[in-house]
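Undergrad:
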Amino acid sequence: MSHDAVVIVGGSLAGLHTAEALRGENWTGPIVVVDADDEPRFDRPPMSKEYLAGTVPDQKLLLRDRARLDGLGATWLLGQAVTAVEPARRVVRLADGRELAYADLVIATGVSPILPRALAVPSAHLLRRKADADRLRQHLRPDRSLIVIGAGFIGLEVAATFRAAGARVDVVEALATPLLRQVGPQVGGALRRIHERAGVVFHLGRQATSVTEQGDGVAVTLDDGARLTADALLVAVGSVPGTAFLEGSGLEVADGVVADGHLQVAPYVHAAGDVVRWPHPLAGRSVRIEHWMTAIEQAKYVAKRIAGTGGDEPFAALPYFWSDQYDRKLQVHGFPSADAHLELLDGDLDADRFAAVYLVDGRATAVVAVNHPRQVLAGRRRVLAELALQEAP
Amino acid sequence: MKITVDESRCVAAGLCVTTEETVFDQDEATGIVSLLTDTPEPQAREAVREAARICPALAIAVHEDPA
Ligand SMILES: Cc1cc2nc3c(=O)[nH]c(=O)nc-3n(C[C@H](O)[C@H](O)[C@H](O)COP(=O)(O)OP(=O)(O)OC[C@H]3O[C@@H](n4cnc5c(N)ncnc54)[C@H](O)[C@@H]3O)c2cc1C
Ligand code: SF4
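Just so you know, the protein sequences line up as chains S and U, in that order.
Note that the first sequence covers residues 1 to 393 in this note's numbering.
Note that the second sequence covers residues 1 to 67 in this note's numbering.
(1) Decide yes or no for the touch test of the segment 298 to 317 of chain S against the segment 145 to 158 of chain S: beta carbon pairs closer than 8 Å, at least 3 of them.
(2) Of all the CB atoms in chain S, is at least one closer than 7 Å to the CB of Ala29 of chain U?
(3) Could you give the distance in angstroms between the alpha-carbon of Pro42 of chain U and the alpha-carbon of Gly261 of chain S?
(4) Have a look at S:Arg193, S:Ala174, S:Tyr102 and S:Pro267 and flag the residue whose alpha-carbon is nearest the alpha-carbon of Tyr326 of chain S.
(5) Identify, in the order they occur along the chain, each residue of the same chain with its Cβ nearer than 8 Å to the Cβ of Arg227 of chain S, setting aside the five sequence neighbours on each side.
(6) So, for Lys49 of chain S: in the same chain, excluding its five sequence neighbours on each side, which residues have a beta-carbon less than 7 Å away from its beta-carbon?
(7) Could you check whether the Cβ of Trp278 of chain S sits closer than 6 Å to any heavy atom belonging to ligand 1?
(8) Going along the chain, which residues of its own chain have a beta-carbon closer than 7 Å to the beta-carbon of Asp65 of chain U, five neighbours each way excluded?
(9) For a test of the three-state rule: what should DSSP assign to Gly97 of chain S, helix, strand or coil?
(10) Using a 10 Å radius around the Cβ and a threshold of 16 neighbouring Cβ atoms, would you call Gly14 of chain U buried or exposed?
(11) Whole angstroms are fine: how far does the CA of Gly242 of chain S sit from the CA of Gly79 of chain S?
(12) For Arg66 of chain S, which residues of its own chain have a beta-carbon under 8 Å away from its beta-carbon, when the five flanking residues on both sides are left out?
(13) Tell me where the alpha helix (DSSP H) around Trp27 of chain S begins and ends.
(14) Report yes if the C-beta distance between Lys329 of chain S and Glu25 of chain S is below 7 Å; otherwise report no.
(15) Does Trp322 of chain S get closer than 7 Å to chain U when you measure Cβ to Cβ?
(16) Just to check, is the beta-carbon of Met75 of chain U closer than 6 Å to a non-hydrogen atom of ligand 1?
(17) Pull up the CB-CB distance for Gln207 of chain S and Ala174 of chain S, whole angstroms please, since I reckon it's below 8 Å.
(18) Any heavy atom of ligand 1 closer than 6 Å to the Cβ of Pro241 of chain S?
(19) Give the secondary structure of Gly217 of chain S by DSSP, where H, G and I count as helix, E and B as strand, and everything else as coil.
(20) What residue does the beta strand (DSSP E) around Leu105 of chain S start on, and which one ends it?
(21) For a test of the three-state rule: what should DSSP assign to Ser12 of chain S, helix, strand or coil?
(22) Listing by chain order, which chain U residues have their CB less than 8 Å from the CB of Leu377 of chain S?
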């Protein structure tokens, strides 16, 4: 078997960008991209926003047009899962039993949404793939109602899209504040008030204990005995990294595939995107980040390492993400935490726009802004400078 | 050189503005890219090519003048 190809497992955002960046670094060898999905090259952020709302046509959701994909000169094995990796022999095994040898392997298998057993009725919706968004959109009508379980970003974006279309929306969340883990109590509280003004009904500090299907709809029972009914149910309680196929490979898995500071998992094995856990020099701990931008930055970094054109310094890009809800754009750079002290830079939390930094031990670890892109860039510079200080011995 | 931007792809990360602020601007509220000029001056052109290259959303298209 000849070990001359870069094999990329997962052909969505991180996998596609790795292949493109390899070509950009003038890597001319064969590239094979394997994905379990028949068409993984759809962009996911619009699936809870514009695409769900129906204002973005199908072909706009495709990350690249055909000509551009063809121009890459990669081999795409779609609808084929990788089921095993043998690092010692440098091969991966496909679901049909075939083996592929690699020069370098890139693990870019992302995450998939969790469906807890208590909520697993056949009609429950999850949201990760285009088909999920298409199915959910059938309920996007003023005369329909939706129950969202989980007030994370995907849950709240879908809630906003449904409310904006006039549907009735209930959101159930086990913690006391939406987005508590992601942006802390104060910013989470501000977003809660935006949703409440739009007419969303929250059930906070409540767990859904059971779900039953009723006629064409669902009934959800909460842990305080309350019973909610609606036409549809979205479960958005988090996701698990796509690492099942690594079992028995000897590669380390611990909530994600474990890589070193250079996103390297083992000799000739790299990882990029939502699936990878690595020690972030600026965070001072290991992190796994589920952000669009970070997946791309990691892909470009890994491509440089494989092509031998860069990546000598550890991967240290400051995480960035955005979220669109109603007419608000939330932007966050850095490492927000629930216990940080929030210092307002402009506006106040209930204003149409505001910006603030998260302070831990007096140093800025993250900046958050709603409809305030200029402040967020200034804040980003401050966070980078202050985190770099922290890092120094 | 002529440049165009596709606002619908932009993710408002502001990399272009940071790279060449005489050409790229951001909407005050949404951070979505806009152009201050679509025909950059010669001294800005290299930075514009760089912005198009690093834009994660491929939202910036550069049309070079025919040689
Ligand atoms: C609805 C939604 C909205 C989002 N909105 C935002 C946002 O506003 N801002 C933001 O920053 N981020 C957002 N994100 C997150 C962003 O989309 C992800 O960070 C990004 O998709 C990560 O890309 P990835 O390539 O790492 O993983 P994925 O996109 O999950 O791709 C992984 C691929 O690997 C394939 N795969 C998995 N296992 C195997 C296997 N064993 N064999 C072969 N193939 C396999 C899968 O089929 C999949 O195609 C959103 C995500 C979703 C779902
Ligand atoms: S670099 Fe691209 S995505 Fe970022 S603000 Fe500019 S155009 Fe938008």
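Beta carbons: idealized from backbone N, C-alpha and C, even for Gly.
A quick note: this is a predicted structure, and the numbers were derived from the prediction, not measured.
TA: Taking the structure as given:
(1) Between the segment 298 to 317 of chain S and the segment 145 to 158 of chain S there are fewer than three inter-stretch CB-CB distances shorter than 8 Å, so the stretches are not counted as touching.
(2) With respect to chain S, the C-beta atom of Ala29 of chain U has a partner C-beta closer than 7 Å.
(3) 40 Å
(4) S:Arg193
(5) Ala219, Val220 and Thr221
(6) Glu157, Thr161 and Asp324
(7) No, ligand 1 has no heavy atom inside 6 Å of this Cβ.
(8) Met1
(9) Gly97 of chain S falls in the coil class under three-state DSSP.
(10) By the 10 Å Cβ count, Gly14 of chain U comes out buried.
(11) 16 Å
(12) none
(13) First-last for Trp27 of chain S: undefined, no H or E at that position.
(14) no
(15) yes
(16) The requested residue 75 of chain U is not part of the displayed model; chain U covers only 1 to 67.
(17) 5 Å
(18) no
(19) strand
(20) Asp104 to Ile107
(21) Coil at Ser12 of chain S, not helix or strand.
(22) Gly14, Val17 and Thr18
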